[in-house]
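Numbering (full-length UniProt numbering), first residue to last: 1 to 323.
No residue lacks a Cβ here, since even glycine has one placed at the ideal position from N, Cα and C.
This structure is a prediction, so every number in the text was calculated from the model and none was measured.
Note sheet for the following structure.
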């Protein structure tokens, strides 16, 4: 889902408070021009995302969650927080549990959560595969014996060590490759999340990655998911607003079915409560809080107000695992 804006420099850390982007102060139902907003009505819950918390071992200035060490904007999840939702999701026919952060392996109870979830459905984990994963290898390895598989998608921004480490920290490129290598050697499925550049030729970028993989004895057929700059919490990228007319005139019914909010929900901890949000990209706007249960969240109409909605609208974006 590549957008083509150049990533601006960002150095300010996001405070551990609710962050509202400028667009989130506008009408929920109408654009600034007064047109009815585009919307999505949910279909069926196929994938449940669980936000483990915004704490991370890295402090990437471009992070869409504003994560850094000790961050508490979204508190860490516990197994007791998610158990009821796991069973509610199973009753609703969920097909996969997916996990994002922050860095999930920073969260103390994360391996317990992943262990429990993979007893019931396939799991998908976004990770930077650096020190927090390395320290918990002894806890992760037994999960291979669980009934359902776990797929890890590792962030490897660019096929350039210096450029990757500039934002993620010195040594993080090699640590991530070591993490990828270890996961594959144990038998876990792994794919790569990378960033996009304006005017890039995707085949050339991925060929450069595969050259690095050869050097590390990593299989060259790993799948890639390419992400644009989605902005930090509270940012606004100036993307167009999506109207009802846009939704009726341009996307086909099949294209609309690829919007994550038609088939996913995300659990987000707010204080001591777990709330259900529309998707993985809108937790900086409390208007996307759809309730305290998955069932009630599926009855809510999702207005496409967030600037990140435009990425889904234009490119059929998905944070889910590649096929």
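Neighbourhood of residue i by C-beta, 8 Å cutoff - its chain only, sequence neighbours within 5 removed
i           : result
residue 157 : 163, 164, 167, 168, 194, 195
residue 15  : Summary for residue 15: the model assigns pLDDT 49, below 50, so the residue's position carries little reliability; its value from the coordinates is reported in the next sentence. Here the set comprises 73.
residue 269 : 51, 53, 74, 75, 76, 77, 81, 275
residue 292 : 273, 274, 275, 276
residue 146 : 115, 118, 119
Length of the line joining the Cα atoms of residue i and residue j
i           : j           : result
residue 81  : residue 274 : 7 Å
residue 312 : residue 115 : 31 Å
residue 139 : residue 133 : 9 Å
residue 119 : residue 267 : 19 Å
residue 327 : residue 32  : For residue 327 there is no data in the structure shown, the boundaries of the chain being 1 and 323.
residue 310 : residue 247 : 11 Å
residue 280 : residue 49  : 7 Å
residue 198 : residue 84  : 43 Å
residue 62  : residue 282 : 16 Å
residue 178 : residue 202 : 24 Å
residue 188 : residue 221 : 14 Å
residue 301 : residue 39  : 7 Å
residue 90  : residue 173 : 37 Å
residue 250 : residue 262 : 17 Å
residue 278 : residue 70  : 26 Å
residue 257 : residue 98  : 19 Å
residue 271 : residue 93  : 28 Å
residue 314 : residue 286 : 24 Å
residue 109 : residue 170 : 28 Å
DSSP-derived helix/strand/coil call for residue i
i           : result
residue 256 : helix
residue 278 : coil
residue 40  : strand
residue 243 : strand
residue 284 : coil
residue 270 : strand
residue 297 : helix
residue 265 : strand
residue 154 : strand
residue 164 : helix
residue 311 : helix
residue 59  : coil
residue 68  : strand
residue 30  : strand
residue 289 : strand
Start-to-end residues for the beta strand (DSSP E) that takes in residue i
i           : result
residue 49  : 47–51
residue 126 : 123–127
residue 195 : 189–195
residue 98  : 96–100
Span of the alpha helix (DSSP H), counted from its first residue to its last, around residue i
i           : result
residue 116 : 110–117
residue 180 : 172–186
residue 209 : 202–215
residue 326 : Because the chain is modelled from 1 through 323, residue 326 falls outside the range shown and cannot be assessed.
residue 133 : 131–135
residue 84  : 79–91
Residues near residue i by beta carbon distance below 7 Å, same chain, minus five either side
i           : result
residue 180 : 129, 154, 190, 218
residue 186 : 141, 144
residue 297 : 265, 276, 290, 291
residue 12  : Low confidence applies to residue 12: its pLDDT is 48, below 50, so where it sits in the model is not reliable, and the reading given next is rough at best. If we look at residue 12 and ignore the five residues flanking it on each side, it has no Cβ neighbours.
residue 159 : 205, 208, 209, 212
residue 105 : 127, 132, 133, 136
Chain-order list of residues whose beta-carbon lies under 6 Å from that of residue i (same chain, five-residue window excluded)
i           : result
residue 107 : 52, 53, 76
residue 95  : 46
task: Evaluate contact between the segment 43–53 and the segment 301–313, counting only Cβ atoms and requiring at least three cross-stretch pairs below 8 Å.
output: These segments do not touch.
- request: Specify whether the segment 201–220 and the segment 240–255 touch according to this definition: at least 3 beta carbon pairs, one from each stretch, less than 8 Å apart.
  value: The segment 201–220 vs the segment 240–255: no contact.
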